[in-house]
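Contents: one structure, followed by commentary.
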Amino acid sequence: MFYVQRDAQGQLVRVEAAAYAEATETLPADHHEIQAWYANEVVESSLKQLKQSDLEMIRVLDDLIQVLTSKGVIRVTDLPAAAQAKLMDRTQAREALGGLSHLIDDDETGLI
Numbered sequence: 354m355f356y357v358q359r360d361a362q363g364q365l366v367r368v369e370a371a372a373y374a375e376a377t378e379t380l381p382a383d384h385h386e387i388q389a390w391y392a393n394e395v396v397e398s399s400l401k402q403l404k405q406s407d408l409e410m411i412r413v414l415d416d417l418i419q420v421l422t423s424k425g426v427i428r429v430t431d432l433p434a435a436a437q438a439k440l441m442d443r444t445q446a447r448e449a450l451g452g453l454s455h456l457i458d459d460d461e462t463g464l465i
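Heads up, the sequence shown is in the working numbering, so the first residue is 354 and it goes up one at a time.
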C-alpha cells in the first residue's frame, strides 16, 4: 500500500511507502497510477544519469583529442568545421581557466 497526495487536478504529486500528514489516500502497489509514478521516476533517474555521463564523456573525448593531436596522430583540421569550432571554443575556455591542470581534481587518477 502506498500513501499518495494529489494536486487540485487530481494528479499524483507525492507517493510514499510510509504514512505522512499530507497523504490524501492510499493506493495498492499494482495500481496503474503507482506503476506509472515509479516508471517515470526510473526514466527521470536514467536520463539524469545519462546527462551526467555525457558531461563526463565530453571531458574524456576532449582530453583524448588533445592527446591525439599533440602526438600527431590526427590534426584538428582532419575534423569537420563544426567540430573544429567547438574544440577551439573549449580550448579557449580551458585556457581562460588556467589550462588543463586546474580542471583535474586531486582525487582523480589515471587517464580513463
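Think of the CB as a built atom: it goes at the ideal place given N, C-alpha and C, for glycine as much as any other residue.
Keep in mind that this is a model prediction, so the values were computed, not measured.
Exposure label - residue i; buried when at least 16 CB within 10 Å
i, result
"V357", "buried"
Whether residue i touches residue j by CB criterion (7 Å)
i, j, result
"R443", "D407", "no"
"V413", "T422", "no"
Option in the options with minimal Cα separation from residue i
i, options, result
"E386", "R412, L450, L440, V368", "V368"
"H384", "K424, F355, I411, G451", "F355"
Neighbourhood of residue i by C-beta distance below 7 Å, restricted to the same chain and skipping five residues each side
i, result
"L365", "V357, R359, E386, W390"
"E378", "V357"
Cut-off 8 Å between Cβ atoms - residues of its own chain near residue i, not counting five sequence neighbours on either side
i, result
"Q362", "none"
Starting from the N-terminal side, write out each stretch of the beta strand (DSSP E) that is 3 residues or longer and does not extend beyond the stretch 405 to 459.
-> none
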